[in-house]
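Trainee:
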Amino acid sequence: MELKRIDANTWEIPKHAGMNVPAVIYASEKLLAGVKGDKTLQQAKNVACLRGIQRKAYVMPDAHQGYGFPIGGVAAFDLEEGIISPGGVGYDINCGVRLLKTDYTEQDILEKRKVLLAEIFKEVPAGVGKGGTTRLSRRALEEVCAKGAEWAVTNGYGMKDDLQKTEENGKMKEADPSFLSQRALERGLPQLGTLGAGNHFIEIQKVSEIFDFDVAKVFGINSVDQIMVMIHCGSRGLGHQVASDYIRLMENKLGIRGLPDRELINAPIRSDLGNRYYKSMSAAVNFAFANRQMIAHWVRQVFQKVMGSSEGMDQVYDVCHNVAKFEQHTIEGRIKNVCIHRKGATRSFGPGRREIPEIYRAVGQPVLIPGSMGTASYILVGTDKAEELSFGSTAHGAGRLMSRHEARRRFRGEKIKEELEQKGIELRSTSWRGIAEEAPHAYKDVDEVVRISHEAGIGQLVAKVVPVGVMKG
Amino acid sequence: MSFLRDSYCRGFPGVRMEKYKFFHHTADAKFQAFGQTLEETFAHAALAVASLMWDWEKIAKNIEISVAVEGKDLEQLLVIFLEEILYLFDTRNFLLGSADNVSLEQNDGDWSLHALFRGDVCAGEYEIFGGVKAITYNEIVISDRAPFLVQVVADI
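These protein sequence lines map, in sequence, to chains V and R. Going by our numbering, the first sequence wraps up at 473, each residue one higher than the last. Going by our numbering, the second sequence wraps up at 1156, each residue one higher than the last.
#1: Based on Cα-Cα distance, which residue from V:GLN315, V:VAL470, V:ARG187 lies nearest to V:ILE221?
#2: Check each residue of the region 1103-1136 of chain R: if its Cβ is closer than 7 Å to any Cβ of chain V, include it; give the result in chain order.
#3: Just to confirm the assignment, what range does the alpha helix (DSSP H) spanning V:ASN266 have?
#4: Taking the C-alpha atoms as reference points, what is the distance between R:MET1017 and V:ALA57?
#5: Could you pull out every residue in the same chain whose Cβ sits closer than 8 Å to the Cβ of R:PRO1147, ignoring the five residues on either side in sequence?
#6: Is V:THR194 helix, strand or coil when you go by DSSP?
#7: Do V:PRO177 and V:CYS496 have their beta-carbon atoms positioned less than 8 Å apart in this structure?
#8: So within the region 309-395 of chain V, which uninterrupted beta strand (DSSP E) runs reach at least 3 residues, ignoring any that extend past its ends?
#9: Is it buried or exposed for V:GLY473, if we count other Cβ within 10 angstroms and need 16 for buried?
#10: Apply the 10 Å Cβ neighbour rule to V:TRP11 and answer buried if 16 or more other Cβ atoms are within range, or exposed otherwise.
#11: Excluding the 5 residues preceding and the 5 following V:ALA149 in the sequence, name in chain order all residues of the same chain whose CB lies nearer than 7 Å to its CB.
#12: Might you give, ordered along the chain, the residues of its own chain that have their beta carbon closer than 6 Å to the beta carbon of V:ASP103, omitting 5 neighbours on each side?
#13: Taking only the alpha-carbon atoms, compute the straight-line gap between V:SER429 and R:MET1053 and give it to the nearest angstrom.
#14: Taking only the alpha-carbon atoms, compute the straight-line gap between V:THR105 and V:GLN226 and give it to the nearest angstrom.
#15: Any idea if R:ASN1107 is buried or exposed, counting beta-carbon neighbours within 10 angstroms, 16 or more meaning buried?
#16: Where do the N-terminal and C-terminal ends of the alpha helix (DSSP H) with V:SER85 fall, by residue?
#17: Does DSSP put V:HIS200 in a helix, a strand or coil?
#18: So is V:HIS405 in contact with chain R if we call contact Cβ pairs under 8 Å?
#19: Can you name the start and end residues of the beta strand (DSSP E) that V:ARG257 belongs to?
#20: Exposed or buried, what is V:SER235 when buried is set at 16 or more other beta-carbons lying within 10 Å of its beta-carbon?
#21: In the DSSP assignment, what are the bridge partners of V:GLN205?
#22: Rounded to whole angstroms, what is the Cα-Cα separation between V:ASN20 and V:GLU419?
#23: Could you pull out every unbroken alpha helix (DSSP H) segment of at least 4 residues lying fully inside the region 401-468 of chain V, listed in chain order?
#24: Relative to the C-alpha of V:LYS15, which candidate in V:THR40, V:ALA48, V:HIS64 has its C-alpha closest?
#25: At what residues does the alpha helix (DSSP H) containing V:GLN54 begin and finish?
#26: Compute the Euclidean distance between the alpha carbons of V:GLY37 and V:VAL115, then round it to the nearest angstrom.
#27: Would you decide whether R:HIS1044 is buried or exposed? Buried here means 16 or more other CB atoms lie within 10 Å of its CB.
#28: Just checking: is the beta-carbon of R:LYS1058 within a distance shorter than 8 Å of some beta-carbon in chain V?
#29: Nearest by alpha-carbon distance to V:VAL299: which of V:ARG113, V:ILE6, V:ARG187 is it?
#30: How about R:TYR1087: is its C-beta nearer than 8 Å to some C-beta of chain V?
#31: For the region 414-441 of chain V, list every residue whose C-beta sits within 8 Å of some C-beta in chain R, in sequence order.
#32: Taking 8 Å as the cut-off, does the region 336-354 of chain V touch the region 67-85 of chain V (at least 3 CB pairs, one atom from each stretch)?
#33: What first and last residue would you give for the beta strand (DSSP E) that runs through R:ILE1059?
#34: Within a Cβ cutoff of 8 Å, which residues of the same chain sit near V:LYS160, ignoring the five residues on either side of it in sequence?
#35: Of all the options V:GLU448, V:GLN365, V:GLN304, which has the alpha carbon lying nearest to the alpha carbon of V:GLY399?
#36: Who are the Cβ neighbours of V:ALA439 in its own chain at under 6 Å, not counting the five residues just before and after it?
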């Protein structure tokens, strides 16, 4: 496949053989070498062939092979001609990240961090194989899916201020839980307020470096050694079921003929099925917002109990990594409504966009990029340039480098815990094998990913945080 | 921890045949399952999926659940069948220990599958070391004649 170098960190697959638009990849030579090793580029090309795609298909610096769309894929579609695809969002709908600041420093929590972590481990159910502690009626669950984080705040989990500091204010208004299948609701019922397994985590972090003091201050990040809490999880089985349900409904109704990849199944945005998927996906997005809202509340309660106060634990922001939504973007000089798909990508809106909270509107939105277990995570700020370059999107994480089986073969959970402890990082998990699978070495270098985001201009560095305590689901 | 799970082939005493095998896949879990029949191959694929979350060999067979699923083609049938494991885990905390009596039938082009899942409810003594989000069509392969094989990528 021809790959044209545009500049140091930008590569293009020119339009050819059925592509409606070119595909653009943001990567260093090192990251590109990794991407070439799997099917990412072919998948980007497939996305560029979809009906109604606008401008270009984009691939973020942390991209790797996904299903249908690559992970780290961004594509926007014309509302009349275009499509919506469950494979363009992913199975873990609104997998995302929430960041809380604190007024504590590392010194303040040094002696209590083991207790803090143990209490978080106790209060926040991993919920894998056992379900959560919150038992809901089906009607209440539908309300969760309709109202998102707002439901959680109304029911005593967290503060109103959290809502305005959440993407979409914590609620996709178009959500319609009546389109959710019985199975999706059944899977959601025991799992609200649970972290889940895999790469999901809660981390107590400290700020280790500030790159942009002015913006950091606006985000509530004031000094090195300030303690933060990051929560990474998604919509659990409910979201997974929505994706599976609509892939099936679409293939049964529309057929799979002509698709280069079965996971690229899609429906016209302006169709009954497209509409139903969008409203169900929005319901799953809301479930995930409520989930993170509840977990944030429990984390604050733990700080209150262990440290004596949770004052100052304001939310910095909460971002989605897997979502489709309607946004306005400038395309060929005209402002246009499009259906944007971000799969393993973070919205990265620059100053002035009305979607971002007023308090951040002068500087741009916070972009939260989690690293792998035990490594650094980053806070970036959205840019104007990102709107031109990637429909206001950037990377979402480190991206795996090694399969879980390979990681399990190479690493031992006990040893990793020991190594992290030597670096001053406490670790709690329900499973040693789970720890081995999430070994830091099984992931790409997140430092390189955010450097490319910064250099390409699709998300600017603000601060680096490193873990002090990690709870892995 | 071995990559392979071995079993002895019925009908070919002494010939070792693996039930399933995992392959390198950057982000997810890709495996092939094998069997003497397509039915047995599907059953082994179910064990491969379970092996991503718990050690199915250690699960007591205290509970039996009858499974009946349908699909428009074999690929869809396999995906729906394997997703049943995830559904039962999420909603009933059921840990699959074996998939028995798998039968496949084709009627007017559509496929149906019946099977008996045996296993136990998740409790303290079982370690859950991973989660499977979904079974995907990515790189799916089904060879429905000897040598029987299915290849699946699970989103984890």
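Quick reminder that beta carbons are idealized off the backbone N, C-alpha and C, glycines included. Everything numeric in this text was worked out from a predicted model, so none of it was measured.
Mentor: By the coordinates alone:
#1: For this step, residue 221 of chain V is matched to residue 221 along the first sequence. Out of V:GLN315, V:VAL470, V:ARG187, V:GLN315 has the C-alpha closest to the C-alpha of V:ILE221.
#2: If the cut-off is 7 Å between Cβ atoms, the region 1103-1136 of chain R has CYS1122, GLU1127, ILE1128, PHE1129, GLY1130, GLY1131, LYS1133, ALA1134, THR1136 near chain V.
#3: By 1-based counting over the first sequence, the position of residue 266 of chain V is 266. Taken as a continuous stretch (DSSP letters only), V:ASN266 belongs to no alpha helix (DSSP H), as it is neither H nor E.
#4: If you number the second sequence from 1, residue 1017 of chain R lands on position 17. If you number the first sequence from 1, residue 57 of chain V lands on position 57. About 44 Å.
#5: Numbered from its first residue, the second sequence carries residue 1147 of chain R at position 147. Closer than 8 Å at the Cβ level, and outside the excluded window around R:PRO1147, lie PHE1034.
#6: Along the first sequence, read from residue 1 onward, the residue named residue 194 of chain V stands at position 194. Three-state result, V:THR194: coil.
#7: The structure shown does not extend to residue 496 of chain V, since chain V spans only 1 to 473, so no value can be given for it.
#8: Taken in chain order, the unbroken stretches of beta strand (DSSP E) that lie wholly in the region 309-395 of chain V and span 3 residues or more are 315-320, 322-331, 334-343, 366-369, 377-381.
#9: For this step, residue 473 of chain V is matched to residue 473 along the first sequence. In the assembly as shown, V:GLY473 is a buried residue. Its beta-carbon has 16 or more other beta-carbons within 10 Å.
#10: As a first step, residue 11 of chain V is located in the first sequence; it is residue number 11 there, counting from the start. Here V:TRP11 is buried, its C-beta having at least 16 other C-beta atoms within 10 Å.
#11: In the first sequence, the residue the question calls residue 149 of chain V occupies position 149. If we look at V:ALA149 and ignore the five residues flanking it on each side, its Cβ neighbours are ASP162, LEU163, THR166, GLY170, LYS171, PHE289, ALA290, GLN293.
#12: The count along the first sequence starts at 1 and reaches residue 103 of chain V at position 103. Counting only residues of its own chain and dropping the five nearest sequence neighbours on each side, V:ASP103 has a CB closer than 6 Å to the CB of GLY312.
#13: Mapped onto the first sequence, residue 429 of chain V falls at position 429. Mapped onto the second sequence, residue 1053 of chain R falls at position 53. Each residue's Cα considered, the two are about 15 Å apart.
#14: Stepping through the first sequence from its first residue, residue 105 of chain V is reached at position 105. Stepping through the first sequence from its first residue, residue 226 of chain V is reached at position 226. Approximately 4 Å between the Cα atoms of the pair.
#15: Looking up residue 1107 of chain R in the second sequence gives position 107. With fewer than 16 other Cβ atoms inside 10 Å of its own Cβ, R:ASN1107 counts as exposed.
#16: For the purposes of this step, residue 85 of chain V is taken as residue 85 along the first sequence, with counting starting at 1. Careful: V:SER85 lies outside any alpha helix (DSSP H) and carries neither H nor E.
#17: Along the first sequence, read from residue 1 onward, the residue named residue 200 of chain V stands at position 200. V:HIS200: coil per DSSP, three-state reduction.
#18: The residue you call residue 405 of chain V lines up with position 405 of the first sequence. For V:HIS405, the nearest beta carbon of chain R is closer than 8 Å to its own beta carbon.
#19: Stepping through the first sequence from its first residue, residue 257 of chain V is reached at position 257. Taken as a continuous stretch (DSSP letters only), V:ARG257 belongs to no beta strand (DSSP E), as it is neither H nor E.
#20: For the purposes of this step, residue 235 of chain V is taken as residue 235 along the first sequence, with counting starting at 1. V:SER235 comes out buried.
#21: If you number the first sequence from 1, residue 205 of chain V lands on position 205. Note: V:GLN205 sits in a beta bridge opposite V:MET228, V:PRO467.
#22: Looking up residue 20 of chain V in the first sequence gives position 20. Looking up residue 419 of chain V in the first sequence gives position 419. Using only the alpha carbons, I get a separation of about 49 Å.
#23: Fully enclosed alpha helix (DSSP H) runs of no fewer than 4 residues occupy 404-410, 413-422, 432-437, 446-456 of the region 401-468 of chain V, in order along the chain.
#24: Residue mapping note: residue 15 of chain V aligns to position 15 of the first sequence, counting from 1. For V:LYS15, the nearest C-alpha among the options comes from V:ALA48.
#25: In the first sequence, residue 54 of chain V corresponds to position 54, counting from 1. Going by DSSP, V:GLN54 is part of no alpha helix (DSSP H) at all; its letter is neither H nor E.
#26: Counting from 1 along the first sequence, the entry for residue 37 of chain V is found at position 37. Counting from 1 along the first sequence, the entry for residue 115 of chain V is found at position 115. Going from the Cα of V:GLY37 to the Cα of V:VAL115 covers about 43 Å.
#27: As a working note, residue 1044 of chain R is residue 44 in the second sequence. Label assigned to R:HIS1044: buried.
#28: Here residue 1058 of chain R corresponds to residue number 58 of the second sequence, with the count starting at 1. Answer no: the Cβ-Cβ gap between R:LYS1058 and chain V never drops below 8 Å.
#29: Along the first sequence, read from residue 1 onward, the residue named residue 299 of chain V stands at position 299. Residue nearest to V:VAL299 within the set V:ARG113, V:ILE6, V:ARG187 is V:ARG113 (criterion: CA-CA distance).
#30: Here residue 1087 of chain R corresponds to residue number 87 of the second sequence, with the count starting at 1. Taking a beta-carbon distance threshold of 8 Å, R:TYR1087 counts as an interface residue toward chain V.
#31: Those residues of the region 414-441 of chain V that come within reach of chain R (Cβ to Cβ, closer than 8 Å) are THR430, SER431, TRP432, ARG433, GLY434, GLU437.
#32: Verdict: yes, contact present.
#33: Here residue 1059 of chain R refers to the residue found at position 59 when the second sequence is read from its first residue. Membership of R:ILE1059 in any beta strand (DSSP E) is not indicated, and neither H nor E is assigned to it by DSSP.
#34: Sequence index remark: in the first sequence, residue 160 of chain V carries index 160 (1-based). Cβ neighbours of V:LYS160 within its own chain (closer than 8 Å, five residues either side excluded): VAL153.
#35: By one-based count along the first sequence, residue 399 of chain V stands at place 399. Of the listed residues, the one whose Cα sits closest to V:GLY399 is V:GLU448.
#36: Stepping through the first sequence from its first residue, residue 439 of chain V is reached at position 439. Apart from the 5 residues on each side of it in sequence, V:ALA439 sits with its Cβ closer than 6 Å to the Cβ of ALA407, PHE411, ILE416 in its chain, given in chain order.
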